[in-house]
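In order, the protein sequence lines correspond to chains R and A. Residues in the first sequence are numbered from 171 upward in steps of one, following the numbering used here. Residues in the second sequence are numbered from 11 upward in steps of one, following the numbering used here. To start, the structure itself, in structure tokens.
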Amino acid sequence: MVYSTTRSGPHPLAFVESQLLHLAAGLVIGVVLLAVDYRAIAASSRWLYAVNIVLLAAVLVLGRTSLGAQRWIALGPLGEFQPSEFAKLAIVITLAKHLADRPGPYTSIRDLLPFLGHIAVPMLLIFRQPDLGTALVYGAIFVGMLYAGGARRRDLALLAAAALALAPLLWHLLKEYQRRRLLVFLDPSLDPLGSGYGILQSKIAIGSGLFWGKGLFAGSQNILQFVPENHTDFIFSVVGEELGFVGALLLLALFLLWVWRGARIASAARDRFGALAAVGVVSMVAFHVFVNVGMTVGIMPITGIPLPFISYGGSALMTMLWATALILNIGMRRQKILF
Amino acid sequence: MDRDRFEYRLAVIFGVVVTLFAVLAIRLWQVQIVQGDYFARLAEENRLRVTPLSAPRGVIVDRAGRPLVENRPSFTVAVLPLEFTQPAREIPVLASLLTMDPDEVARRVASGRDMPFAPVRLRRDVPETTVAAVEESRMDLPGVFVQVEPVRYYPYHELAAHLIGYLGEASDADIRESRAAGYQPGELIGKDGIEREYDRDLRGRDGEIQAEVDALGRPSRTLRTIPAVPGNTLVLGLDLPAQQAAEAALGDRVGIVIALDPATGAIRAFASHPTFDPNAFATGIPVAAWNALLHDPRQPLIDRAIQAAYPTGSVFKIVTASAALDLGIVNRDSGFYDPGYFDYAGRRYHDNNNESFGSLNFLTALAVSSNVVFWTISQPVGADHLSEYAHRYGLGARTGVDLPNEIPGVIPSPAWKRRALGQPWYGGDTLNMAIGQGYVLVPPIQAARMLAAVANGGAVVTPHAVVEVRSPTGQLVRSIDPPAVGEVRLRPETLATIREGLAAVVSRGTASSIQIPGLAVAGKTGTADSSHGKPYAWFAGYAPAAAPTLVVVAMVENAGYGAEFAGPIVQRVFEAAFGLPLTPLPSDAPKPCTPSPPRGTRPPSVLRTRGPGVSSAISTRC
């Protein structure tokens, strides 16, 4: 898919090479992660948290700006990396550890407050980049893990209500383009050549793929670059255009399979940490898929969340690989099935 | 928290995920399957851009294939709004290079804002020096480029300008009225003359280049090129040497020359002076020049051959004579006495300074154009018969020539006068009518058609400028050969006498000064009163007299004797048409003359264009 979107242009293989490189690096480190018992990873959670905060802060200070957001830190010859991507995995691990250390029961909102505080700081830093999408991912992870962790539904509902009540304040804090994205989502005709353009073109691309698609590498909208960011955020539009309904559904099925396996592992996990970490990863991935694909077909606003494993982006790819490694890790060391 | 609850919650989470994915799947179904075709079409439209290729307009040639109207390549400076990135700096530079007003340049650029990929013309037909200057500054003028376009070209300038016509931008009314033609706003279409009547044939069909474009509108490859189809070629009946002779002979006087083929009605020459140069319109005429033409008191835009009507003077005697002969009131040899005056209803009408022809037969009376004889026969003939025979000759009705805005002229009758003026017909009106004065107003083309009927034995033909429409490669598309609208239905003796009389006009009558060695010409002079000054000079003739192949009519406003002013013009045209040496033109100084004062008659008035009016009962050949 990355190849399909980037093969025209001066360096047809550049993007693919980059992805492959990151894939290789990710796999290598992933294997290492597998080898280590995940409980060791859990133990380093505090340290992980600290590093996460530092990196997120560093981005705000040293970061490269692109598309109005400061998200990347340059690493010289190693390219750049996006701390907010790793932050997602980091928070899963640290929050799982936190939840495991305080198993509850959570009888009131006050019991949930520590966890809120746990995610508040990184979330704020991310929001300041500004990266609304990743901040929302944090929200999804938080809800998923707390729900699985045993928080009362009532309390979670209250938190949700509180978040909604804060929404107007949030609106105020949003940047202009973020607001426009949300407005245009509600009515694409507001700005058909600007913010609405992406949604419109994406739907055209996907819709014109019909049932069987136009064939790999043969998507006209893709080749002619009608869909913006089609190698990153909108890459699903290429899937829809070139592989059609069949291909799109197949990809969704694969993701669903991944999620199902993750859930099975969560169920069979040996300890609370493992179970909750698995739930966290599952929530993360499911949220990504739903928001990203939803964005390309026009039922979600544009948020800049990539499609796991498919979108171009080294940090995202490695994060997903390590997340997968973590889940496998947990799965490998699960409890024996008790009778 | 116990395992069961955890399992339950896990299941809930998974259930939520499944639901969300199902929503996605349904949405995909909706977008790709239900609305798939709609999006597929949008995808196609996204990527295609169509650039029109303008078709060159059809060429117009004379009967020998000599080009009278063609196209020539010209340079147009245009702007691509998408790339015109520094308007503040570029507009003044362009304005000075193109000698245009900066506001005009800005206005044109702004007009293309909605379609940034379509070029906007700034100035057509710029000289080569300007092209060089623009190309030189190319690097400093992003978005500006020069393209080659065909421009209408009239190599003979004013020659036959009214017949040929001119171009102008299609107006909203034009676009509405001719939906089928598919005119585009700003397109140059024929506005007058042949350019207008045959605009459909001349337009051709624009081609197009279908290119695939990317999201920035840049063409990535050409998918299909449909070449433009040039317009059809029009072959006119015009004979270039005859036309040139006509224009030269008419000179800077106000008047017309028409020449017809008596058998088919094909127009061999057609000049109306004053005239204009259609080249001025070829790239869209500037407002100042258009206003100058419109408000010129000499009215150069009027086609005086078909859009103006004049008293014919003695040329009408052909009708009077035809009626009198055909009704048996006179015959060729009927004897008359012309004392130089005619008494009627207590008045004495004088003929030409009281010039007396003495005893003469009818044939001679026609040859010398004796008013007294024609007044004498006018009463027995009567106004109704005069009117009837005039209509038989096709007078008083449009000829149906393939040129726009023809007027019918006026042939009076007692019924007409009652209807149009609410007045009864007087005997004096008949006298006037018999000699082509009074209410008689004839567009010159009808006079030509009348002579053609005499020349060809009685068929009232339909004049037409175009004889053939051919494809750009020369194949015949269709012939223009309209049928005659009727017959004059004269008795053979009548026609024979008329023809003999017209031949005598030249051989020994009023037009003997224009005899051409080696070519027998026949015709009739006319000198018609004008209230604006000197009379209208007419001569309408055909040659060779025995078996005519060409009719020529000339009329000069504000001139004098027909033989003196119109006759030489016709003579020249005949000479040019038949390849004979050209007689030098006479001087313009008119012969001195004193018209005899009217005695108790109504004040004279004559209108230059259509409309009835009170006229004098005198005829002066001054």
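Yeah, the Cβ is synthetic: ideal placement off N, Cα and C, and Gly gets one too.
Checklist line | Local conformation of Ala448 (chain R) per DSSP, three classes | finding: helix
Notebook entry, point to check: How many angstroms separate the CA atom of Arg503 (chain R) from the CA atom of Ala439 (chain R)?
Noted result: 8 angstroms
Next item on the list: Taking only runs that begin and end inside the segment 119 to 198 of chain A, name each unbroken beta strand (DSSP E) of 3 or more residues, in chain order.
Entry: 130 to 136, 154 to 163, 177 to 179
Next item on the list: Taking 7 angstroms as the cut-off, decide whether the C-beta atoms of Leu376 (chain A) and Met443 (chain A) are in contact.
Entry: At least 7 angstroms separates the beta-carbon of Leu376 (chain A) from that of Met443 (chain A).
Item checked: When A:Pro66, A:Phe584, A:Lys201 are compared against Gly217 (chain A), the one with the closest alpha-carbon -> A:Pro66
Margin query: Helix, strand or coil, according to DSSP, for Leu218 (chain R) in the structure here?
Written below: It is helical.
Item checked: Thr330 (chain A) and Ala393 (chain A) closer than 7 angstroms at C-beta -> no
Checklist line | Gln433 (chain A) burial status per 10 Å Cβ neighbour count (16 or more: buried) | finding: exposed
Note to self: Excluding the 5 residues flanking Leu204 (chain R) on each side, which residues of the same chain have their C-beta closer than 8 angstroms to its C-beta?
What the structure shows: Ala495, Leu498, Asn499, Met502
Notebook entry, point to check: Three-state secondary structure (DSSP) at Asp361 (chain A)?
Noted result: In the three-state reduction of the DSSP assignment, Asp361 (chain A) falls in the strand class.
Note to self: Mapping the DSSP letters down to three states, classify Ala266 (chain R) as helix, strand or coil.
What the structure shows: helix
Next item on the list: For chain A, find out if any of its Cβ atoms is closer than 7 angstroms to the Cβ of Gly377 (chain R); answer yes or no.
Entry: yes
Notebook entry, point to check: For the alpha helix (DSSP H) that contains Glu218 (chain A), what are its first and last residues?
Noted result: DSSP places Glu218 (chain A) in no alpha helix (DSSP H) but in the uninterrupted beta strand (DSSP E) bounded by 217 to 223.
Check: Which residue comes first and which comes last in the alpha helix (DSSP H) that contains Thr559 (chain A)?
Finding: No alpha helix (DSSP H) contains Thr559 (chain A), which DSSP labels as neither H nor E.
Notebook entry, point to check: Of all the options A:Val580, A:Gly572, A:Ala576, A:Val479, which has the alpha carbon lying nearest to the alpha carbon of Ala553 (chain A)?
Noted result: Residue A:Val580 is the option with its Cα nearest to Ala553 (chain A).
Next item on the list: Please work out which residues of its chain come closer than 6 angstroms, Cβ to Cβ, to Ala514 (chain A), disregarding the five sequence neighbours upstream and downstream, and give them in chain order.
Entry: Ala377
Next item on the list: Quick one: which residues of the segment 459 to 472 of chain R get their C-beta closer than 7 angstroms to a C-beta of chain A? List them in chain order.
Entry: Within the segment 459 to 472 of chain R, the residues whose Cβ lies closer than 7 angstroms to some Cβ of chain A are Phe460, Val463, Gly464, Val467, Ile469, listed in chain order.
Next item on the list: Going by CA-CA distance only, name the one from A:Gly153, A:Leu151, A:Arg215 that's closest to Ser64 (chain A).
Entry: A:Arg215
Next item on the list: Taking a Cβ distance cut-off of 8 angstroms, strictly less, list which residues of the segment 419 to 453 of chain R are near chain A, in chain order.
Entry: Leu419, Leu422, Phe425, Leu426, Val429, Trp430, Ala433, Ala436, Ser437, Ala445, Val449, Val452, Ser453
Notebook entry, point to check: Comparing the C-beta of Ala302 (chain A) with each C-beta of chain R, is any distance below 7 angstroms?
Noted result: Cβ-Cβ to chain R under 7 angstroms: no for Ala302 (chain A).
Notebook entry, point to check: Hey, quick one: how far does the beta strand (DSSP E) through Ala88 (chain A) stretch, first residue to last?
Noted result: 77 to 89
Note to self: Let me check one thing: in DSSP terms, what residues is Ile266 (chain A) bridge-paired to?
What the structure shows: A:Ser282, A:Met565
Checklist line | Helix, strand or coil at Ile508 (chain A) [DSSP, three-state] | finding: Helix at Ile508 (chain A).
Margin query: Tell me which residues of the segment 313 to 347 of chain R have at least one Cβ-Cβ distance to chain A shorter than 8 angstroms, keeping chain order.
Written below: Those would be Gly314, Tyr317, Ala318, Gly319, Gly320, in chain order.
Check: Whose Cβ in chain A lies nearer than 9 angstroms to the Cβ of Ala493 (chain R)?
Finding: Residues of chain A passing the Cβ test: none, with the nearest at roughly 16 angstroms.
Note to self: Taking the alpha carbon of Leu560 (chain A) as the reference point, which residue from A:Ser380, A:Ala458, A:Arg186, A:Val136 has its own alpha carbon closest?
What the structure shows: A:Ala458
Next item on the list: Helix, strand or coil for Pro602 (chain A), going by three-state DSSP, please let me know.
Entry: With a pLDDT of 44 at Pro602 (chain A), under the threshold of 50, the modelled position of this residue cannot be trusted, and the question is left open.
Checklist line | Status (buried if at least 16 other CB within 10 Å, exposed otherwise) for Phe372 (chain A) | finding: buried
Next item on the list: Enumerate in chain order the residues of its own chain whose CB-to-CB distance from Pro607 (chain A) is below 6 angstroms, with the five nearest sequence positions on each side excluded.
Entry: Note that Pro607 (chain A) scores 42 on pLDDT, short of 50, meaning its location in the model is unreliable and no value can be drawn from it.
Checklist line | Residue range of the unbroken beta strand (DSSP E) whose run includes Tyr399 (chain A) | finding: It is not in any beta strand (DSSP E) - Tyr399 (chain A) instead sits in the alpha helix (DSSP H) that spans 393 to 402.
Notebook entry, point to check: Cβ of Val382 (chain A) within 7 angstroms of Cβ of Asp353 (chain A)?
Noted result: no
Next item on the list: Leaving out five residues on either side along the sequence, give the residues of the same chain with a beta carbon under 8 angstroms from the beta carbon of Asp336 (chain A).
Entry: Excluding sequence neighbours, Asp336 (chain A) sits near Tyr399, Leu500, Arg501, Thr504.
Notebook entry, point to check: Quick one: what's Val476 (chain A) bridged to in DSSP?
Noted result: A:Leu246
Checklist line | Runs of beta strand (DSSP E) wholly within the segment 260 to 322 of chain R (minimum 3 residues, chain order) | finding: none
Check: Are the C-beta of Leu30 (chain A) and some C-beta of chain R separated by less than 7 angstroms?
Finding: yes
Next item on the list: Determine the chain R residues that contact Ala50 (chain A) at a beta-carbon separation under 9 angstroms, and present them in chain order.
Entry: Ile374, Gly377, Ser378, Gly379, Leu380
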